[in-house]
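The sequence shown maps to residues 48 to 362 in my numbering. Everything below concerns the one structure shown next.
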Amino acid sequence: MPPHHPVLDPAAAYPKIAELRSALDSRDWSAARSLLDTAEPVERGYLIQAGGAHSGREDLLRGVLAGQPADSTAGALLGQQLIQAGRTVRTARRARDVSREQSAAFHDKLRQAEIVLIDAAARTPDDPAVWTARITTARGLRLGRSEARRRYDRLAGIDPHFLPGQSEFLRQLCPKWGGDWPLAHAFARESADAAPPGTLNPVLVAEAHLEHWAGLDGDAAAQREHLCADPVRGELYEAAKRSVWHPEFRRTHGWVSVMSTFAMAFALLDDMPAVASMFTALGDLATGQPWSYLGDPATVISRYRARALPAGGAA
Numbered sequence: 048m049p050p051h052h053p054v055l056d057p058a059a060a061y062p063k064i065a066e067l068r069s070a071l072d073s074r075d076w077s078a079a080r081s082l083l084d085t086a087e088p089v090e091r092g093y094l095i096q097a098g099g100a101h102s103g104r105e106d107l108l109r110g111v112l113a114g115q116p117a118d119s120t121a122g123a124l125l126g127q128q129l130i131q132a133g134r135t136v137r138t139a140r141r142a143r144d145v146s147r148e149q150s151a152a153f154h155d156k157l158r159q160a161e162i163v164l165i166d167a168a169a170r171t172p173d174d175p176a177v178w179t180a181r182i183t184t185a186r187g188l189r190l191g192r193s194e195a196r197r198r199y200d201r202l203a204g205i206d207p208h209f210l211p212g213q214s215e216f217l218r219q220l221c222p223k224w225g226g227d228w229p230l231a232h233a234f235a236r237e238s239a240d241a242a243p244p245g246t247l248n249p250v251l252v253a254e255a256h257l258e259h260w261a262g263l264d265g266d267a268a269a270q271r272e273h274l275c276a277d278p279v280r281g282e283l284y285e286a287a288k289r290s291v292w293h294p295e296f297r298r299t300h301g302w303v304s305v306m307s308t309f310a311m312a313f314a315l316l317d318d319m320p321a322v323a324s325m326f327t328a329l330g331d332l333a334t335g336q337p338w339s340y341l342g343d344p345a346t347v348i349s350r351y352r353a354r355a356l357p358a359g360g361a362a
């Protein structure tokens, strides 16, 4: 049987991403704006993040803002574009392995994004995509937990279940960004419990535990001890029951990432039937995160899929 090759391009699951890319590449702002304006709020948030993940559009977006300063959609996209440009320069290496020049260029891009996003928030204070990006810049510029919390509270006042922003704020609460694990886990639990059953939000519980697992920095015994503790296992299964295993679960924008996250959590628990349930639902679809914690995502996913679905078919 030929090896499985997961499809990591998000546009495979969400054709609107391909439409947005095409509109932006063609410099057709009217088409891009129309697509984003008709998207559901969380879908719009994810589309803006995806649109900002590809370079070469900064001049287009600055041109839009020059003529239409109140266009918060262009502001949010430009902010995400600059954030991604900074991440590209910095790379995903640990802080100790990032050069002074890389760090300086990273922070310069984030400061540029912050300027754009401050203006966008002032002109359109009820745009959740803008506040989500501002949570990201607060973390990257190390403005502190209080400032990040202020920004998250503004977001929650607009939409208390806006998952893209909740995921960004969860990272702020992790120790490497000045938080601590009790804070991170409490936020994840509270956000999951507050969300309607069948939604994507309970994945925050899994995200928090995977961040905790990764934060144990390669100590395999400590990592396994954390994830396999009965309370943690119970939380992960309960979160899945409230989300991907709930009868009202819908494959809305973001579902591939959510199922991929649960799949990795169950893989680390060595629960192959649970992993199989995620891979069966996903088919060939997958996301690089959080699998990249374990190495090359495509390779790791294929290895676990072979274990969970040895016949290559349904569970």
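Cβ coordinates follow ideal geometry from the N, Cα and C atoms, glycine included. Please read these numbers as outputs of a predicted model, since none were measured by experiment.
Beta-carbon to beta-carbon, residue 307 and residue 247 are separated by about 12 Å, too far to satisfy the 8 Å threshold. Here the alpha carbon of residue 220 sits roughly 7 Å from the alpha carbon of residue 228. Taking residue 316 as the centre and dropping the five residues before and after it, the same chain places the C-beta of 274, 275, 280 and 283 closer than 8 Å to its C-beta, in chain order.
Note that the stretch 111 to 118 does not touch the stretch 322 to 342; fewer than 3 beta-carbon pairs, one per stretch, sit closer than 8 Å. Around residue 351, the same chain offers 314 and 322 as residues with beta carbons nearer than 7 Å, after the five sequence neighbours per side are excluded. Residue 270 and residue 311 have their alpha carbons spaced roughly 14 Å apart. Judged by beta-carbon spacing, residue 130 lies beyond the 7 Å limit of residue 175, meaning their Cβ atoms are not closer than that value. Beta-bridge analysis with DSSP links residue 332 to 54. Counting every other CB atom within 10 Å of its CB across the protein chains shown gives residue 207 a total below 16, marking it as exposed.
Taking the C-beta atoms as reference points, residue 184 is found no nearer than 7 Å to residue 215. Note that the C-beta distance between residue 202 and residue 212 is below 7 Å. 7 Å or more divides the Cβ of residue 252 from the Cβ of residue 268. One Cα belongs to residue 195, the other to residue 357, and the distance between them is close to 45 Å. When Cβ pairs closer than 8 Å are counted between the two stretches, the stretch 93 to 110 is seen to touch the stretch 58 to 76, the count reaching three or more. As for any alpha helix (DSSP H) of minimum length 4 sitting wholly inside the stretch 133 to 185, the runs are 147 to 170, ordered along the chain. In the structure shown, the three-state DSSP call for residue 320 is helix. Going by C-alpha positions, residue 298 is about 10 Å away from residue 245. With contacts defined by Cβ atoms closer than 7 Å, residue 82 and residue 91 do not form a contacting pair.
In this chain, the alpha helix (DSSP H) harbouring residue 272 covers 267 to 275. In the three-state scheme derived from DSSP, where H, G and I count as helix and E and B as strand, residue 86 is classed as coil. An exposed status is given to residue 342, since fewer than 16 other beta-carbon atoms sit within 10 Å of its beta-carbon.
With fewer than 16 other Cβ atoms inside 10 Å of its own Cβ, residue 346 counts as exposed.
At the C-beta level, residue 89 and residue 210 come within 7 Å of one another. The closest CA to that of residue 153, considering only 193, 132, 172 and 79, is found on 132. Distance from residue 217 to residue 235 at the Cβ level is roughly 6 Å; contact confirmed, criterion being Cβ atoms closer than 8 Å.
For residue 136, the closest alpha carbon among the candidates 167, 150 and 93 is that of 150. Secondary structure of residue 216 (DSSP, three-state): helix. Comparing alpha-carbon positions, the option among 173, 56 and 288 lying closest to residue 97 turns out to be 56. Excluding residues up to 5 positions away in sequence, 133 lie with their Cβ nearer than 8 Å to the Cβ of residue 155 in the same chain.
With 16 or more other Cβ atoms from the protein chains shown falling within 10 Å of its own Cβ, residue 301 counts as buried.
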